[in-house]
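Here's the structure we're looking at; comments come further down.
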Amino acid sequence: MIFNLLILFFLTGCSTRESLTGNNNGRQPGLPVLENSFIVQGQKIPSAQFRSIQIYSGSNPASAPIIQIGSGQTFTLRFDHIASSTEMFTVRAEHRNADWSPSNLFDGFYMRGQATDFISDPVQSTVVAPNYMQYTYRFPNRNFNFLISGNYLLHIEDYRTGELLFSVPFMLFEERGTVEISIEELFGLDSHHFLHHQPFATYIHPDFVLMPDQDISIYFVQNQFWGRAQEATIRDLSESDRIRMHVSRDEAFPGSYEFRPLIMQNIDNLPAEFLEVRKDTEPPTILRDRDVINFGVTPSSMGSNRYGSPDSDRGARYARVVFSLDRPANLSADSRIHVTGPFSNWSVSDENRMRYNRDTDRFEAGILVKEGSYDYKYVIIEGRTIDDLRLADSFADSRQEYHTLIYYRDLQLNADRLLNIRSDFTR
């Protein structure tokens, strides 16, 4: 009772459910707020000094950053700092609502133990040009743990100055209730992508959920692009113990969402799509063969490396990879095209904007990439919106990953908890 009164004392505001709209906003460095962003609201994109950033559950880098609270499972955060000396970093977590807006909870309500922790003791690389330090941090741990479920941003800060360096999203769920999902295939919704996926969810909720129509929200996420979570807006409450929800046909996901592969596991032994390695530069410069938007029927990649697999060996090297895209006939030379992927944390920034080369009639960009395997995409900025489908050239069905997220609006906290999740792959 005392705890509840304290919550109500500190957290004032309306007790009715806030309107939670699907978040498609993201602050990209050097650019205005962009709609349809891959990253979540409030996520800080790193500077060029921080590379190969990964966050995942357990030991599998492809695993989504989602674990059950109190289960003993952990997240792994790994990143490289392009530097020749050791630094110390501070980490802190920030609770977020279902749409990734700030929940405005004090950290004392969601943190168990310390509000911050520290990252140090890196592994130094054995290579130069550039030399880097590799940091690994695992949590929750004895000092840094959590009291409530939900969406979180993990902020990494400079220990000495307190400057926010970058952020990564993660989620904690409770395993409450039962989630079922089905995905309907739709054809002919638009002129670009013949196949769409419309997810349907059924949630059998626990007894403490008294008003599911007001207190439960369901979001669907494709391919771990958390910034593009779609809220299910169509509801069916015909049965008292469950709620059925789905997105509208207009909000269906592209079922032929494709990626392009970048396989660069060894700079000294590269596949045929790499044309030249210039080792007289620091770092080495690698020229790739041109990409062409040819509207083929075979997907470029099934997306097996969409989360990135940078080599974790201390001898792994970085290179400046030059991407080249033939200018599509329907695009002008001043089109704002970016190349993005896990090597840039799926951000869209000035660093990965492509420049038009009139001599070759191609768009080009040089990106610092570590040896490893990745997927990437070309996107266009139209006004304030990221268009990631216009430069896709496949109409073939390809394997997609979906996460269904069940949120509960806790009126005592005036914040969203994550009751359960469901992860599925299409065929």
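826 is the number that the numbering used here gives to position 302 of the sequence shown; each next residue is one higher, with no gaps. Backbone N, C-alpha and C fix where the C-beta goes; we use that ideal spot for every residue, glycine too. Remember, it's a predicted structure, so these values are computed and weren't measured experimentally.
Asked	Found
Assess, as a yes-or-no matter, whether the segment 687-700 is touched by the segment 573-586 under the definition of 3 or more beta carbon pairs within less than 8 Å.	yes
Beta strand (DSSP E) containing Tyr661: first to last residue?	Met657 to Phe663
Buried or exposed for Lys803, please, with buried defined as at least 16 other CB atoms from any protein chain shown within 10 angstroms of its CB.	exposed
Beta-carbon within less than 6 Å of Arg838's beta-carbon, same chain only, minus the 5 sequence neighbours each way: which residues are those?	Val647, Ser649 and Thr650
Which residues mark the beginning and the end of the alpha helix (DSSP H) in which Gln578 is found?	Taken as a continuous stretch (DSSP letters only), Gln578 belongs to no alpha helix (DSSP H), being part of the beta strand (DSSP E) at Phe574 to Ser581.
The beta strand (DSSP E) spanning Ala926 covers which residue range?	Here residue 926 turns out to be Tyr, not Ala, going by the sequence shown. Taken as a continuous stretch (DSSP letters only), the beta strand (DSSP E) holding Tyr926 covers Glu925 to Asp934.
Do you know whose CA, among Ser859, Gly712 and Gly701, lies nearest Thr726's CA?	Gly701
Would you tell me roughly how many angstroms separate the C-alpha atoms of Arg933 and Asp641, rounded to the nearest one?	29 Å
Which residue's Cα is closest to the Cα of Gly594: Leu671, Glu709 and His721?	Leu671
Among Thr928, Gln936 and Ser571, which one has its Cα closest to the Cα of Leu942?	Thr928
Determine the DSSP secondary structure at Glu1020, reduced to helix, strand or coil.	Because the chain in this structure spans residues 525 to 951, residue 1020 falls outside the shown range and cannot be described.
What does DSSP give as the partner residues of Ala889 in its beta bridges?	Phe847
I'd like to know whether the C-beta atoms of Ile740 and Phe724 end up nearer to each other than 8 Å.	no
With a cut-off of 8 Å, do at least 3 Cβ pairs link the segment 779-795 to the segment 727-737?	no
Could you pull the start and end residues of the alpha helix (DSSP H) that Gly632 belongs to?	Asp631 to Tyr634
How big is the Cα-Cα spacing for Phe744 and Val652?	43 Å
Where do the N-terminal and C-terminal ends of the alpha helix (DSSP H) with Asp874 fall, by residue?	Here Asp874 belongs to no alpha helix (DSSP H), and DSSP marks it neither H nor E.
Using 8 Å for Cβ pairs, my map puts Ala939 next to Ser627. What's the rounded Cβ distance?	4 Å
So if DSSP puts Ser691 in a beta bridge, which residue, or which two residues, is it bridged to?	His679
In the DSSP assignment, what are the bridge partners of Gln648?	Met657
Entirely within the segment 591-632 and at least 3 residues each: give me those beta strand (DSSP E) ranges in chain order.	599-605 and 613-620
Please state whether DSSP places Asp739 in a helix, a strand or coil.	helix
Please work out which residues of its chain come closer than 7 Å, Cβ to Cβ, to Val816, disregarding the five sequence neighbours upstream and downstream, and give them in chain order.	Asp850
In the DSSP assignment, find the unbroken beta strand (DSSP E) run with Ile707 in it and report its ends.	Thr702 to Phe711
By alpha-carbon positions, which one of Glu782, Asn621 and Leu935 ends up nearest to Leu677?	Asn621
Looking at C-alpha atoms only, which residue of Val615, Asp623 and Ser644 is the closest neighbour of Asp631?	Val615
Pick from Ile930, Lys894, Arg768 and Glu681: whose alpha carbon is nearest that of Lys568?	Glu681
Assign Gly751 to one of three DSSP states: helix, strand, or coil.	helix
May I have the straight-line CA-CA distance separating Glu611 from Ile643, to the nearest angstrom?	9 Å
Taking buried to mean at least 16 other C-beta atoms within 10 Å of its own C-beta, is Ile758 buried or exposed?	exposed
What's the C-alpha gap between Val801 and Gly890?	13 Å
Look at the alpha carbon of Asp835 and the alpha carbon of Leu892, and state the distance between them as a whole number of angstroms.	14 Å
Can you name the start and end residues of the beta strand (DSSP E) that Tyr900 belongs to?	Gly896 to Glu906
Give every residue of the same chain whose Cβ lies closer than 6 Å to the Cβ of Cys538, excluding the five residues on either side of it in the sequence, and list them in chain order.	Only weak support exists for where Cys538 lies, its pLDDT of 40 falling under 50; the value from the coordinates is given anyway. Counting only Cβ-Cβ distances below 6 Å, and skipping sequence neighbours, we find nothing.
With DSSP collapsed to three states, give me the class of Pro785.	strand
Taking Cβ to Cβ, would you say Thr598 is nearer than 8 Å to Thr660?	no
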